[in-house]
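Undergrad:
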Amino acid sequence: MLIPSLQIYLLVGAVLFTTGLLCMVTKRNAIGVLMGVELILTASNINFVAFSRYGKLGLDGQLVSLFVIVLAAGEAAIALAIAMNFYNNFETIDVDRASNLKG
Amino acid sequence: MLTTESLHHYWHTLTGPGGDLRLFMPQFVLCLTIVLILLLRTFSDHINAKPFAFIGTVIGLLFALWNWMSASISHEPVNHELFGGMLVHDMFSIYMTVFLLAFAMATVVLTMLTGMPDTEDSADFTTLLLGSVVGMTLMASANTILMIFLAVEMASIPSYAMAGFLKARRASSEAALKFVVFGGASAGVMLYGLSLLAGMYGTIHLPTLAHEMLYQMTVTEEAFNPTLLLALVCFVVGIGFKLSAFPFHFWCPDVFEGAPAEVAGFLSVASKAAAIALLARFSLTLVGTYHHAPFEPEVWQAAIHAVGNYLSPVLAVMGAVTCTFGNLAAFGQTNVKRLLAYSTIAHAGYMMLALATLTVVGAKAVLFYLIVYFFMNLGAFAVVAFVRNVSGSEDLDAFSGLIHRAPVVTVAMSVFLLSLMGLPPLAGFVGKFQIFAVLYETGWYSLLVIGGLNTVISLFYYVNLMRVMIMTDAPDQAPIISLPNAGFATILAAIVIYLGILWNAPEQWSQIASTSLTRPERAVTHMEAPAADLVVEASPDKTGN
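One line per chain: the protein sequences are X and W, in this order. Residue 1 is where the first sequence starts when you use the UniProt record's numbering, and the numbers rise one by one after that. Residue 1 is where the second sequence starts when you use the UniProt record's numbering, and the numbers rise one by one after that.
(1) Taking only three categories from DSSP, how would you classify W/L82?
(2) Would you say X/L22 faces chain W, with C-beta separation under 9 Å as the test?
(3) Let me make sure I understand the geometry here. Which of W/L286, W/V236 and W/F246 has the alpha-carbon closest to that of W/L206?
(4) When we look at the beta-carbon of W/N485 and count the other beta-carbons within 10 Å, is it buried (16 or more) or exposed?
(5) By Cβ distance below 8 Å, which residues in the same chain neighbour W/T525 in space, the five residues on each side in sequence not counted?
(6) Closest to W/L196 by CA distance: which of X/I3, X/Y9 and X/P4 is it?
(7) Assuming W/D90 is part of the beta strand (DSSP E), what are its boundary residues?
(8) Smallest Cα separation from W/L311: which of W/P158, W/T344, W/L353 and W/L23?
(9) For X/V15 and chain W, any beta-carbon pair shorter than 9 Å?
(10) Can you have a look at W/V449 and say buried or exposed, based on whether 16 or more other CB atoms are within 10 angstroms of its CB?
(11) Comparing the C-beta of residue 628 of chain W with each C-beta of chain X, is any distance below 9 Å?
(12) Going along chain X, which residues have a C-beta under 8 Å from W/S173?
(13) Hey, does W/T15 have any beta-carbon neighbour from chain X nearer than 9 Å?
(14) Kindly indicate if chain X contains any beta-carbon less than 9 Å away from that of W/K242.
(15) Within 10 angstroms of the Cβ of W/P17, are there 16 or more other Cβ atoms? Answer buried if so, exposed if not.
(16) Alpha carbon to alpha carbon, what distance is there between W/V387 and W/Q394?
(17) Can you give me the start and stop residues for the alpha helix (DSSP H) that W/P77 sits inside?
(18) If we cut at 9 Å on Cβ distances, does W/R388 have a partner in chain X?
(19) Can you tell me which of the three DSSP states W/D395 falls into?
(20) For chain W, find out if any of its Cβ atoms is closer than 9 Å to the Cβ of X/V37; answer yes or no.
(21) For X/G55, return the contacting residues in chain W, with the cut-off set at a CB-CB distance below 8 Å.
(22) Quick one: Cα of W/V314 to Cα of W/I276, how far?
(23) How long is the line joining the alpha carbons of W/I34 and W/A302, rounded to whole angstroms?
(24) Spatial neighbours of W/G60 within its chain, please: C-beta separation below 7 Å, excluding the five flanking residues on both sides.
(25) Which chain X residues sit within Cβ distance under 7 Å of W/K167?
(26) Within the 9 Å Cβ cut-off, does residue 556 of chain W reach chain X?
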C-alpha cells in the first residue's frame, strides 16, 4: 500500500508534467495541444498543494493553486475563441495546416 | 478579531498618505478606465473608446510620474512592499511603470492616427491593450511567485487576442493560434519551475526565497543541485518565450507578420520591456547581497557566486545565440514587419547579454536601452503602419521609392533604422555603447566580440531597407502619407536624435532605478510570520496521517 507522502505527490505531478509536454509535442490538433497545457498547469497545482501540505509553504501554496485554476479557465476561454476563429478561416484546427506564415 | 477600529486602521494604511492604494494609483486608474470603457460599450456600439483610453493612460502616467518625483526627493530609499508583500514599490518598479504607461499612451495615439481598429472595435481593442499594460506593470513590480505568474498571464492573455484582432484575415488568426498555443505552453512550464522553487525553499516571497536559497547552499555545501537547475531552466523557458529568446523565438516573426503593425509594435517594445524587467528583478534578487547574513561574508559571497553560476551562463549563451540568430534570419526577409520581428529578437539578445553579467550596471544599461528602444522601434512600426494604410501592403516593395512620395517619413524611418543599427550620432549608439561598456568592464570579452560582430551583420538588412526606400523608383500610383502621421514620425525621429546627443538625464534615471534592484533590508519580512503559523495548521501530524 502506498503511504501518502510528499514524494508520491511530486511523482504524480512529474508524470502529469511529462504527459502534458508529450501531449503538446505530439498532438497536431489545437485542442489536443491545449489539453497538454492544462495538464502542465495541473501538475504545478499538485506540486503547490503537496508542498503546502507536507512542506513549509503553508496556505500560500493552496492560494497559488486557486489562482492558477481561475487563470487556466480564462486562458482556455481565449484559446478556444482563437481556435474557433482559426477554424472559421481554415476549416480545420490542425496546427500543421497553420503554415501560411513562414520564412 | 475584526473590529471597527481595526478596519478603520486597515483602510487608513491602504488609502492614507503613502498608503498601498495611493502608490498603486497608476495601475488603479487603468483598471478604472477599462471598467468605464466596458460600461460605455453597453450603452452604444459606436462609441469611440480611444479618447477615453488616451485620457486614462495620461492620468495614470501623471500618477506614476508623481510617484517618481516624490520618491526621488525622499531622503530614505523608497522600498515598500505593497499588499502584504505581493508587489514591491521601489525606483525600479516606478521607472518601469512610467515607461510602460508612456508606451501605452504612445500606442493609443498611434492607433488614433492610423485608425486601425475602427470605431466599432475600439472599445474591445483599448480594453485589451490597457489590461495587458496593467499586467506588464505588475510584471515589473512582482515580489512573489504568485504575482510573477499572474502578471505574466495578465500581460499575455490580452495580447493573444490582440494578435488575432483582424478576425477575417487568415494570417492574423493563424498568428493568434500559434501565439496562444506556445504562450500557454511556456507559461505552464514556467509555473512548474516556480512550483519547484517555492517547494524547495518553502516560500513564495522572492527576497525570502533568495535568502533561503543562499542559506541552504551554504549549509549543505552542495556542488550541484539538479532540482534547482530544472526549476531555473523552466523559469527561463517562460521568460525566454516572452523575450523571444533563441529556442523560443519562432512565434515572434509569425505573430508580427499576422498581427496589425500597431500591435506588433506594442508587443515588440512593451512586452519585451516587461519581460526583461521581470528577468532583471528575479535574477538580481537571487544574487542580491543581504545584511542579515548569518555567516561570514566570504562564505555568503561564495553562495551568491554559486547561484550566479546557475543563471549567468544560461543567460549569456541564450543572449549570444538570440542576437546572432535574429540578425542572420532578418537578412533576406521580404515582409518589413517580419524583418522588424527578427530585429526585435536581436535586440532582446543584446539586452540579455547585459543582464548575463548579473550586475547593477548591467541592469542600468538595459534600462537605458529600453528608453532608446521605445522611440526607435515605435517609430519603425509606426512608419510600417502608415505605409500599410496608404499602399495596403507591408512588403518591401511597398516601400520602394518612398522618398519620392513621402520624403519626411523616409528620413524619419532612416533615422530609426540607423539608430536600431547603432550608428554614432543617434540614440541607438548610446544604448549599445552602454551595454558593450558593461560587458567590457565586467570582463565578458567573448560576449563583447559577439555583440560587435552582430552590429556589423545587422548593417546589411537595415541598409537594404533604406536602399529600397531611397534608391529605387516609385510605382506609378503615389499615395501620400497624411500630415499628422508624418508629424508623429518626425517627433519620434527628433527624440531619437536628441537622445543620441543629450543622454545625461535618462542615464541618471536608469542609474537611480537600477540601484534599487539590490536592496539589503528587504531580506527578512513580515511575510514569514503568518506563514509559520499556517504551517502548524497544515502540518500532516495534526491530522493524523
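Ideal Cβ positions, reconstructed from N, Cα and C, are used throughout, including at glycine.
TA: In terms of the structure at hand:
(1) The DSSP-derived three-state label of W/L82 is strand.
(2) Judged by the 9 Å Cβ criterion, X/L22 is not in contact with chain W.
(3) For W/L206, the nearest C-alpha among the options comes from W/L286.
(4) Of the residues assessed, W/N485 falls on the buried side of the cut-off, its CB having 16 or more other CB atoms within 10 angstroms.
(5) In this predicted model, W/T525 has a pLDDT of only 40, less than 50, meaning its place in the structure is not dependable enough to derive any value.
(6) Ranking X/I3, X/Y9 and X/P4 by Cα distance to W/L196 puts X/Y9 first.
(7) Its beta strand (DSSP E) spans residues L87 to D90.
(8) That would be W/L353, whose Cα lies nearest to the Cα of W/L311.
(9) Residue contact check for X/V15 against chain W: no CB pair falls below 9 Å.
(10) Within a 10 Å sphere around the beta-carbon of W/V449 sit fewer than 16 other beta-carbons, which makes this residue exposed.
(11) One cannot answer for residue 628 of chain W here, as it falls past the ends of chain W, which runs 1 to 545.
(12) In chain order: I82, N85, F86, N88, N89 and F90.
(13) Cβ-Cβ to chain X under 9 Å: no for W/T15.
(14) It does not: the Cβ of W/K242 has no partner Cβ on chain X nearer than 9 Å.
(15) Exposed, since its Cβ has fewer than 16 Cβ neighbours within 10 Å.
(16) For the record, residue 394 of chain W in the displayed sequence is Glu; it is not Gln. If I take the Cα positions, the gap works out to 7 Å.
(17) W/P77 -> no alpha helix (DSSP H), and no H or E assigned at all.
(18) So no, W/R388 is outside the interface.
(19) Residue state, collapsed to three classes: strand.
(20) With 9 Å as the cut-off, X/V37 counts as an interface residue toward chain W.
(21) Within chain W, G199 and G202 have C-beta atoms less than 8 Å from the C-beta of X/G55, given in sequence order.
(22) Answer to the nearest angstrom: the Cα atoms are 15 Å apart.
(23) Cα atoms of W/I34 and W/A302: separation of roughly 48 Å, rounded to the nearest angstrom.
(24) Closer than 7 Å at the Cβ level, and outside the excluded window around W/G60, lie P26, V29, L30 and L101.
(25) Neighbours of W/K167 on chain X, chain order: N85.
(26) Absent from the model: residue 556 of chain W. The displayed extent of chain W is 1 to 545, so no value can be given.
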